[in-house]
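Residue numbers (the working numbering), protein chains in the order written: chain A, 1 to 344; chain B, 1 to 344.
The beta carbon of each residue, even a glycine, is placed where N, CA and C say it ideally should be.
In this text the structure is predicted, and so the values were computed from the model without any measurement.
Have a look at the structure below, then the notes.
There are 2 protein chains.
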Amino acid sequence: MNDPPLLDVLNGKKVLRRPVWFMRQAGRYLPEYREVRARAGSFLNLCYAPDLAAEVTLQPLARFDLDAAILFADILVVPQAMGLGLAFEEGEGPVVEKISGLERVGALRPLDEAKEVGLICETVKAAKERLAANVALIGFCGAPWTVASYMIGGGGESGREVARAVAAEGPPWFDLLMERLIDASVTYLVRQIDAGVDVVQIFDSWAGDLPGYLQEKIIALPIGRIVKGLRDQRPGIPVIVFARGAGAGHRRIGEATKAECLGVETSMPLDWARDQLAGSHVIQGNLDPLLVECGGDALTRGIEQVAAALPRDRHIFNLGHGMRPGTPPEHVDLVIKHLRKLDG
Amino acid sequence: MNDPPLLDVLNGKKVLRRPVWFMRQAGRYLPEYREVRARAGSFLNLCYAPDLAAEVTLQPLARFDLDAAILFADILVVPQAMGLGLAFEEGEGPVVEKISGLERVGALRPLDEAKEVGLICETVKAAKERLAANVALIGFCGAPWTVASYMIGGGGESGREVARAVAAEGPPWFDLLMERLIDASVTYLVRQIDAGVDVVQIFDSWAGDLPGYLQEKIIALPIGRIVKGLRDQRPGIPVIVFARGAGAGHRRIGEATKAECLGVETSMPLDWARDQLAGSHVIQGNLDPLLVECGGDALTRGIEQVAAALPRDRHIFNLGHGMRPGTPPEHVDLVIKHLRKLDG
């Protein structure tokens with residue numbers, strides 16, 4: 001048996017090598033990604049073209065000595081699969097068809113029959129078939145709050161504020177939307193697991209938008225219900241929760257969700273994470289993606305600081321945020337090689 | 001003796017009323033502010049017109065039952081007093097003349113003779129004379145990191161990234177710039193204290209930009225040196241440190257700076273702040289300014305959540321970020337009245 005080191009760490013085993021992968025490791029900073037993306041014609045076409053999406057999923061593995069591939073898809077596949085419009089404008093963020101009110105939220109489609117989910121699962125299968133046995137395949141979805149934020153506000157800074165105001169007001173349709181997203185997330189992740197992913201990550205990218213007193217209701221409990229739903233239906237699949245910007249709130253989120261692993265943002269001091277979180281959770285993160293773009297001594301020191309803070313059996317080395325489009329690929333290679341050297 | 005409740009809380013005394021003030025309580029959301037601002041011609045003219053700046057400092061006290069006035073000025077007075085160019089474009093953020101290199105940093109002027117500092121201190125005197133005895137006057141400066149961030153990057157999102165990359169690289173000129181800003185901050189705050197402020201707040205608005213492993217070097221230790229400088233020269237003046245976005249890092253920042261009070265951002269769960277910080281520091285914050293703009297039940301609940309989390313002897317009620325320009329003034333009044341009712 002030769003489990004991927006990433007799975008070993010998530011399963012509480014000792015490892016000889018610290019697992020490493022990068023959020024947005026398949027993306028615009030890679031010329032081979034841009035080539036496939038151009039062939040696909042648009043970002044969404046690429047998400048829904050299983051052969052191309054699988055190719056893109058695997059691209060970083062061909063270049064770098066990584067411990068995981070992450071499914072190439074987008075967290076906004078879920079609202080689209082539920083029936084909402086979605087567009088990605090070049091150079092802009094995504095634009096989601098906005099929703100509010102009990103009637104419209106009640107009319108959202110359940111995910112079971114959605115063709116979008118079927119296409120994503122084909123990507124999973126195609127990627128899994130071609131992946132080396134010692135590399136884990138990570139599936140993912142957006143957390144209910146982050147996905148709801150797009151569905152309520154449509155995206156963008158001002159849309160996030162609209163969503164935050166609704167979350168604080170908490171009308172019945174907001175609660176219903178969160179319920180629907182919890183159910184949809186479980187359905188979606190179970191489908192990904194059945195198609196072949198070894199691990200799932202739940203991205204709460206806008207966790208830091210919420211006031212502290214809403215973290216429990218809107219971040220911790222909904223994600224906890226997803227984790228429980230997965231445990232009931234597909235026990236043994238580890239879960240990574242990345243509630244970006246939750247700060248000291250990661251502690252409660254870890255307790256409430258019982259996820260195997262907590263991703264932490266770049267601003268998190270890892271000695272605190274080690275003392276307060278790593279006893280019960282593997283920690284994932286949190287190298288500053290800006291340093292990977294810039295390179296040089298600052299990058300080397302950043303790698304060393306992050307690696308030194310956590311024992312390799314309790315750490316998945318990653319960024320604190322997604323890879324930046326301007327990152328030179330050779331800097332990514334340097335990160336991995338320097339990390340391997342440090343871990344000797 | 002009738003000390004302002006804000007000072008009593010900072011001095012560890014029991015109070016009958018929970019002190020409250022708001023960051024940017026003197027500002028664009030008030031029509032009387034906009035009127036004076038128009039008379040002054042520009043934001044910077046207003047900062048350097050002591051009569052008008054004092055008037056603006058006191059405006060919110062005429063409307064609201066607040067426990068403190070905060071000096072009307074800007075954190076970028078310091079780089080300007082050190083000799084750098086500064087402009088505020090309408091609707092944009094500030095634009096600071098950028099600086100780098102040992103030679104230019106070494107040539108920055110010390111603050112002692114700066115006419116800008118003299119003008120700000122005249123504002124302090126004029127405001128203090130007209131302020132009721134039970135209301136505290138708060139002076140302030142930007143923390144070295146936040147001010148350096150503007151001086152290095154010039155301001156704006158991309159300027160903040162440039163500064164963060166420099167901070168991570170840590171060239172000798174960066175260290176010298178931080179030294180110069182520590183000295184300038186002590187000089188500036190001592191002058192404000194001598195002119196009449198009762199309390200000082202150090203704003204590290206961009207604390208959350210830094211990777212966790214740099215918080216000690218770039219946030220905690222420099223601010224700690226300012227606090228020590230103040231204690232040596234003007235003992236008895238309490239200090240509030242607001243390292244916005246430091247998350248779990250507030251703990252170390254509190255230990256290293258020994259500030260009487262820690263301001264916390266909106267995303268901070270206050271039960272954590274109560275358990276981990278409030279034993280040794282008064283907590284200031286952290287109502288979401290968006291809720292004050294929006295009003296309604298969400299605002300009422302927000303006030304209740306924030307107030308319930310902390311005992312009134314260990315809390316200065318405030319926002320987690322500055323007042324938004326679109327805030328209806330009557331919502332501000334409502335916050336204070338609801339808070340008084342809660343504390344009954």
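Grab the span of the beta strand (DSSP E) containing residue i for me, first residue to last.
i                     : result
residue 25 of chain B : It is not in any beta strand (DSSP E) - residue 25 of chain B carries neither H nor E in the DSSP assignment.
residue 87 of chain B : 86-88
residue 70 of chain B : 68-70
residue 94 of chain B : 94-96
Alpha carbon to alpha carbon, how far is residue j from residue i? Give it in angstroms, no decimals.
i                      : j                      : result
residue 98 of chain B  : residue 137 of chain A : 46 angstroms
residue 243 of chain B : residue 55 of chain A  : 44 angstroms
residue 11 of chain A  : residue 199 of chain A : 11 angstroms
residue 169 of chain B : residue 64 of chain B  : 46 angstroms
residue 275 of chain A : residue 269 of chain B : 19 angstroms
residue 341 of chain A : residue 21 of chain A  : 16 angstroms
residue 249 of chain A : residue 215 of chain A : 7 angstroms
residue 188 of chain A : residue 111 of chain A : 7 angstroms
residue 313 of chain A : residue 338 of chain A : 18 angstroms
residue 322 of chain B : residue 227 of chain B : 23 angstroms
residue 74 of chain A  : residue 124 of chain A : 13 angstroms
residue 5 of chain A   : residue 165 of chain A : 42 angstroms
residue 251 of chain A : residue 260 of chain A : 13 angstroms
residue 303 of chain A : residue 264 of chain A : 15 angstroms
residue 283 of chain A : residue 88 of chain B  : 42 angstroms
residue 291 of chain B : residue 28 of chain B  : 17 angstroms
residue 219 of chain B : residue 277 of chain A : 23 angstroms
residue 297 of chain B : residue 162 of chain B : 41 angstroms
residue 67 of chain A  : residue 120 of chain A : 21 angstroms
residue 148 of chain B : residue 129 of chain A : 51 angstroms
residue 172 of chain B : residue 207 of chain B : 21 angstroms
residue 51 of chain B  : residue 72 of chain B  : 11 angstroms
residue 8 of chain B   : residue 191 of chain A : 59 angstroms
residue 230 of chain B : residue 104 of chain A : 59 angstroms
residue 202 of chain A : residue 142 of chain A : 6 angstroms
Could you give the residue range of the alpha helix (DSSP H) that holds residue i?
i                      : result
residue 144 of chain B : 144-153
residue 50 of chain A  : 50-63
residue 162 of chain A : 156-169
residue 45 of chain B  : 43-47
residue 78 of chain A  : 77-81
residue 8 of chain A   : 5-10
residue 34 of chain A  : 31-40
residue 106 of chain B : 102-106
Residues of chain B with a CB under 7 angstroms from the CB of residue i: which are they?
i                      : result
residue 164 of chain A : 290
residue 161 of chain A : 290
residue 302 of chain A : 168 and 211
With which residues is residue i paired in a DSSP beta bridge?
i                      : result
residue 120 of chain A : In the DSSP output, where bridge partners are listed per residue, residue 120 of chain A has none listed.
residue 137 of chain A : A:69
residue 20 of chain B  : B:317
Since residue i meets chain A, which of its residues come closer than 9 angstroms, beta carbon to beta carbon?
i                     : result
residue 24 of chain B : What residue 24 of chain B touches in chain A: nothing, since even the nearest Cβ is about 17 angstroms away.
Along chain A, in chain order, which residues have C-beta atoms closer than 7 angstroms to that of residue i?
i                      : result
residue 4 of chain B   : The premise fails here: residue 4 of chain B is roughly 27 angstroms from chain A at the closest Cβ pair, so nothing lies under 7 angstroms.
residue 294 of chain B : 165
What in chain A is Cβ-close to residue i, meaning under 8 angstroms?
i                      : result
residue 270 of chain B : 212 and 213
residue 305 of chain B : 211 and 213
Could you name the residues of chain B that residue i contacts, counting a contact when the two beta carbons are closer than 9 angstroms?
i                      : result
residue 252 of chain A : 269, 271 and 272
residue 245 of chain A : 208, 245, 247 and 267
Please compile the residues from chain B whose C-beta is within a distance smaller than 8 angstroms of the C-beta of residue i.
i                      : result
residue 297 of chain A : 169
residue 286 of chain A : 211 and 212
Heavy atom of the ligand ZN less than 8 angstroms from the Cβ of residue i, yes or no?
i                     : result
residue 96 of chain B : In the structure on display, the ligand ZN does not appear, and there are no ligands present to speak of.
For residue i, decide whether its Cβ has a neighbour in chain E, counting only Cβ atoms nearer than 9 angstroms.
i                      : result
residue 344 of chain B : Among the protein chains of the structure shown, namely A and B, there is no chain E.
Residue ranges of each beta strand (DSSP E) run of no fewer than 3 residues wholly in the region 175-259 of chain B, ordered along the chain?
Correct list: 199-204 and 239-243.
Entirely enclosed beta strand (DSSP E) segments - the region 250-321 of chain A, minimum 3 residues
Counting only unbroken stretches of 3 or more residues, the beta strand (DSSP E) elements lying wholly within the region 250-321 of chain A are 261-263, 282-287 and 315-319, in sequence order.
Mind pulling the alpha helix (DSSP H) runs of 4 or more residues that sit fully within the region 320-344 of chain A?
Listed in chain order, the complete alpha helix (DSSP H) runs (minimum 4 residues) inside the region 320-344 of chain A are 329-342.
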